[in-house]
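Residues 32 to 463 (the working numbering) make up the first sequence, in order.
Virtual Cβ for every residue (Gly too), placed ideally from N, Cα, C.
Predicted, not measured: the structure shown is a model, and the values here were computed from it.
Below is one structure, written out as structure tokens; the observations come after it.
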Amino acid sequence: MLDIKMIRTNPDEVKKMIRARGQDIDLEEILGKDKERRDLLIEVERLKHERNIVSKRIGEYKERGRDREIEIEREYMKEVSNRIKEIDLKIKGCEEEISRGLLMIPNIPHSTVPIGTDQGGNIEVRRWGTPPCFGFKARSHEDIGERLNILDFTRGAKITGTKFVLYKGLGARLERGLINFMLDLHIREHGYIEVFPPFIVNRDSMIGTGQLPKFEDDLFKLKGEESYYLIPTAEVPLTNIHKDEILSMEDLPICYVAYTPCFRREAGSHGKDTTGLIRQHQFDKVELVKFVEPDSSYEELEALIKDAEEVLKRLNLHYRVVNLCTGDLGFCATKTYDIEVWLPSQETYREISSCSNFEDFQARRARIRYRKGLGSRPEYLHTLNGSGLAVGRLMVAILENYQEEDGSVTIPETLRSYVDGVEKLTKTNKLL
RNA sequence: GGAGAGGUGGCCGAGUCUGGUUUAAGGCGUUCCGCUCGAAACGGGAUGUCCCCUAAAAAGGACCGGGGGUUCAAAUCCCUCCCUCUCUGCCA
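Listed below in structure tokens is the structure:
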């Protein structure tokens, strides 16, 4: 959420930004309501002041038993009170409209974000490693996974439906190993605090991180009295840990890491990257979230992306880092780096992590503040998050990049201690 | 799920029955000043968040879990929802 005061003073810049993002939002209407609200406030506060004074006076009259005076004041105050009630109602209406509008305005891109309308405008920042060189035609991960009997798409669909998968035997174990490997790396070497949050959150949390009210269609909502949702990413519970809090400067930066499954409706994405594990309704992810001081948030973003990259380096997987352009940037972000891992079967780079700075956009929505020093006013802090990494897609990358001609898959050395020393996945009919 | 007790400032805690002079007592903590060679103890002051108006302040308004109602007036009365605790049922 943007600051209404900032919009009030820089309406043209905000309009320009909205246009650049290809959005259609009526700023004038919001600003009009804002003006109306402030005018009404001035009037109603004067009346409330009056009410406070007269009420006190009535109290004093009552003490002395001056009933006639009380009666006179009471008649007058009835009018004042009704008028207050009327105006308060109008103000509330204004506030609802203002907030509805504000919640739909995207964040302002950082000056280092390239201008562009879609993915094509993204800029490659760096590459690491080299793609593997096979003397045979690379198989897809689905192919490899099903032959090895570690991935079962048919049964996943049987149990639930399309875009649900069953990991079996060493596949399940490798998934778990990857999660543990990444958690350990971030906890032991990058200084993150591990968290195991709820996988279901309430509506207010979803608004806090920006999934709602705009992206309801992407979410799984639970049926029941409460407005509960399955999390589409651990970003939601992690960022909302400090909702409605005022932290002190010594607390910052706070860095959390969590493994959670993620649930996404993927509405409207049918036929798009639908193969295998790439796009599922449920997938595992290790997520990194930071709460930082505003001055340091862009340095923290650089550190965050490095922490995520380290996973791929340790696994010796070729990747590139991309700076997303204005047209591809998410709603809440001011700047996002994607990490794209090399997939031999598609001979292309595929997103495996997305690391973003949100500045105070989420902090304002979720009311997360900090105090610079003793006695200083609370200020919104900056939040960041990034995948570190998406486990399903990492599985894809390992199966494809480490495949052998005979259909087996070598397990990267770093991972072996996480799968009881297994060095190779080989074809088997047994459910290991 | 059932029964009961609660939710008040950074924390503890009074106020709620009986609505008004509450500007939310008192304590703790924090911080500043005094005393002191220094510290402790002691004495004194300061110590919330948001909104509005401001160049800034002052003044003003709102906030006692959330929302609504009654009333000239609500921390206090009524309704409703949420949360916590105790007992209890079922249960991993």
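Looking at the unbroken beta strand (DSSP E) that takes in residue i, where does it start and where does it end?
{"i": "residue 164", "result": "Here residue 164 belongs to no beta strand (DSSP E), and DSSP marks it neither H nor E."}
{"i": "residue 368", "result": "366-374"}
{"i": "residue 290", "result": "285-294"}
{"i": "residue 350", "result": "350-354"}
Going by C-alpha distance, which of the options is nearest residue i?
{"i": "residue 427", "options": "437, 124, 182, 137", "result": "182"}
{"i": "residue 236", "options": "267, 250, 207, 261", "result": "267"}
{"i": "residue 68", "options": "364, 99, 127, 406", "result": "127"}
{"i": "residue 226", "options": "319, 89, 169", "result": "319"}
{"i": "residue 194", "options": "314, 253, 170, 201", "result": "314"}
{"i": "residue 244", "options": "229, 265, 322, 132", "result": "132"}
{"i": "residue 278", "options": "402, 94, 99", "result": "402"}
{"i": "residue 332", "options": "344, 366, 457, 257", "result": "366"}
{"i": "residue 326", "options": "280, 231, 338, 336", "result": "280"}
{"i": "residue 256", "options": "271, 275, 234, 148", "result": "234"}
{"i": "residue 130", "options": "142, 186, 36, 147", "result": "36"}
{"i": "residue 216", "options": "408, 75, 346, 112", "result": "346"}
{"i": "residue 179", "options": "189, 161, 162, 198", "result": "198"}
{"i": "residue 412", "options": "124, 395, 344", "result": "395"}
{"i": "residue 168", "options": "452, 437, 453", "result": "437"}
{"i": "residue 162", "options": "392, 455, 378", "result": "378"}
{"i": "residue 440", "options": "77, 201, 211", "result": "201"}
{"i": "residue 125", "options": "232, 63, 190", "result": "63"}
{"i": "residue 287", "options": "344, 308, 141, 228", "result": "228"}
{"i": "residue 54", "options": "273, 33, 135", "result": "135"}
{"i": "residue 293", "options": "328, 425, 421, 85", "result": "421"}
{"i": "residue 340", "options": "44, 188, 213", "result": "213"}
{"i": "residue 351", "options": "357, 335, 157, 222", "result": "157"}
{"i": "residue 296", "options": "253, 147, 324", "result": "253"}
Could you tell me the alpha carbon to alpha carbon distance between residue i and residue j, rounded to whole angstroms?
{"i": "residue 70", "j": "residue 38", "result": "18 angstroms"}
{"i": "residue 317", "j": "residue 263", "result": "12 angstroms"}
{"i": "residue 174", "j": "residue 166", "result": "18 angstroms"}
{"i": "residue 298", "j": "residue 249", "result": "6 angstroms"}
{"i": "residue 348", "j": "residue 306", "result": "21 angstroms"}
{"i": "residue 81", "j": "residue 101", "result": "15 angstroms"}
{"i": "residue 445", "j": "residue 290", "result": "19 angstroms"}
{"i": "residue 110", "j": "residue 88", "result": "17 angstroms"}
{"i": "residue 431", "j": "residue 442", "result": "11 angstroms"}
{"i": "residue 380", "j": "residue 353", "result": "10 angstroms"}
{"i": "residue 170", "j": "residue 360", "result": "32 angstroms"}
{"i": "residue 311", "j": "residue 207", "result": "17 angstroms"}
{"i": "residue 363", "j": "residue 321", "result": "15 angstroms"}
{"i": "residue 143", "j": "residue 209", "result": "33 angstroms"}
{"i": "residue 119", "j": "residue 59", "result": "23 angstroms"}
{"i": "residue 414", "j": "residue 434", "result": "39 angstroms"}
{"i": "residue 246", "j": "residue 240", "result": "11 angstroms"}
{"i": "residue 369", "j": "residue 384", "result": "6 angstroms"}
{"i": "residue 452", "j": "residue 417", "result": "30 angstroms"}
Just reading off the alpha helix (DSSP H) that residue i is part of, what are its end residues?
{"i": "residue 128", "result": "98-133"}
{"i": "residue 70", "result": "58-95"}
{"i": "residue 52", "result": "Careful: residue 52 lies outside any alpha helix (DSSP H) and carries neither H nor E."}
{"i": "residue 308", "result": "Counting along the chain, residue 308 falls outside any alpha helix (DSSP H), and DSSP gives it neither H nor E."}
{"i": "residue 337", "result": "328-345"}
{"i": "residue 35", "result": "35-40"}
{"i": "residue 446", "result": "444-447"}
Tell me whether residue i is buried or exposed, calling it buried when 16 or more other Cβ atoms sit within 10 Å of its Cβ.
{"i": "residue 107", "result": "exposed"}
{"i": "residue 224", "result": "exposed"}
{"i": "residue 117", "result": "exposed"}
{"i": "residue 391", "result": "buried"}
- Kindly provide the ranges of any alpha helix (DSSP H) runs that are 4 or more residues long and lie completely inside the stretch 386-424, ordered along the chain. Entirely contained in the stretch 386-424, the alpha helix (DSSP H) runs reaching 4 residues are, in chain order, 392-397.
- Item | 3 or more residues per run - each beta strand (DSSP E) lying fully within the stretch 171-242 | Listed in chain order, the beta strand (DSSP E) runs fully inside the stretch 171-242 are 224-226, 231-233, counting runs of at least 3 residues.
- Item | Secondary structure, alpha helix (DSSP H): runs of 4+ residues fully inside the stretch 245-278 | Taken in chain order, the complete alpha helix (DSSP H) segments of 4 or more residues contained in the stretch 245-278 are 266-270.
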